[in-house]
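Trainee:
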Amino acid sequence: MDSFEINKIFGAICATALFILVLTIVTDFLYSEPELKEQAYVVELPDTEASIVDEMVEVVEIDVMELLVMASLENGQKVAKKCVSCHNFEAGSANKIGPNLYNIVDRKMGIMDDFAYSNALNERGANDESWTFENLFHFLENPKKWLPGTIMGYAGIRKPKDRADLIVYLHDISPDSVSTID
Numbered sequence: 068m069d070s071f072e073i074n075k076i077f078g079a080i081c082a083t084a085l086f087i088l089v090l091t092i093v094t095d096f097l098y099s100e101p102e103l104k105e106q107a108y109v110v111e112l113p114d115t116e117a118s119i120v121d122e123m124v125e126v127v128e129i130d131v132m133e134l135l136v137m138a139s140l141e142n143g144q145k146v147a148k149k150c151v152s153c154h155n156f157e158a159g160s161a162n163k164i165g166p167n168l169y170n171i172v173d174r175k176m177g178i179m180d181d182f183a184y185s186n187a188l189n190e191r192g193a194n195d196e197s198w199t200f201e202n203l204f205h206f207l208e209n210p211k212k213w214l215p216g217t218i219m220g221y222a223g224i225r226k227p228k229d230r231a232d233l234i235v236y237l238h239d240i241s242p243d244s245v246s247t248i249d
């Protein structure tokens with residue numbers, strides 16, 4: 068290989084590098100965004116983390132009765148199928164892992180003689196608490212959170228509509244209930 072061939076190769080490499088450099092400069096110029104003199108939208112940030120948490124935590128109270136009025140008995144029966152591995156829903160049926168849920172609405176908590184309730188549930192029953200619509204609604208959302216110490220291992224029903232549907236079904240199979248859904 069003579070020096071002329073080496074010069075041609077070196078020239079081609081330099082020309083390619085120069086072309087890439089010029090191309091980069093031109094594209095940066097053509098597609099660059101202008102610097103903003105001021106922000107179009109200014110976000111005011113609170114001073115402390117506590118105020119951020121206070122603003123972020125917004126407790127939404129759900130009107131249980133409003134949900135129950137719009138609830139579906141048929142869907143409640145479908146939702147109840149999730150519970151049949153641990154509970155019965157028929158009058159006179161034996162308890163399973165969990166107590167029979169027939170006639171549960173407005174029943175005092177922890178009173179069935181043939182079932183061993185958790186201490187937490189027995190204490191609620193000793194305080195004359197009953198399975199009202201609201202208590203059932205919150206218990207079904209997250210049993211361990213609503214009733215710390217419960218032995219119910221189910222994680223809960225997240226959708227408020229499904230909980231309301233299930234409660235309407237439980238009310239339908241609770242002939243002794245004094246509560247009404249209007």
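All residue numbers for the sequence shown refer to the numbering used here, where the first residue is 68 and numbers rise by one. Glycine included, C-beta positions come from ideal geometry on N, C-alpha and C. It should be emphasised that the depicted structure is a prediction, and the values quoted were computed from it without experimental measurement.
1) Tell me whether residue 75 sits in a helix, a strand or coil according to DSSP, three-state version.
2) Count the other CB atoms within 10 Å of the CB of residue 76; is the residue buried (16 or more) or exposed (fewer)?
3) Evaluate residue 125 with the Cβ neighbour count: other Cβ atoms within 10 Å of its Cβ, from every protein chain shown; 16 or more gives buried, anything less gives exposed.
4) Would you kindly check if the distance between the Cβ of residue 176 and the Cβ of residue 188 is under 8 Å?
5) From residue 193 to residue 139, what distance separates their C-alpha atoms?
6) Going by C-alpha distance, which of 92, 245, 143 is nearest residue 232?
7) Report all residues from its chain with a CB closer than 7 Å to the CB of residue 182; omit the five preceding and five following residues, and keep chain order.
8) For residue 197, which residues does DSSP report across the bridge?
9) What are the start and end residues of the alpha helix (DSSP H) that includes residue 221?
10) Just the Cα atoms here: how many angstroms apart are residue 89 and residue 111?
11) So, are the CB atoms of residue 224 and residue 201 less than 8 Å apart?
Mentor: Checking against the coordinates, here is how it stands:
1) helix
2) exposed
3) Confidence is the limiting factor: at residue 125 the pLDDT is only 48, short of 50, which leaves the residue's position unreliable, though a coordinate-based value still follows. Counting Cβ neighbours within 10 Å, residue 125 comes out exposed, since fewer than 16 surround it.
4) yes
5) 33 Å
6) Minimum Cα-Cα distance from residue 232 among the listed residues 92, 245, 143 corresponds to 143.
7) Non-local C-beta neighbours of residue 182 in its own chain, meaning closer than 7 Å and more than five positions away in sequence, comprise 162, 166, ordered along the chain.
8) 175
9) Careful: residue 221 lies outside any alpha helix (DSSP H) and carries neither H nor E.
10) Their backbone Cα atoms lie some 42 Å apart in a straight line.
11) no
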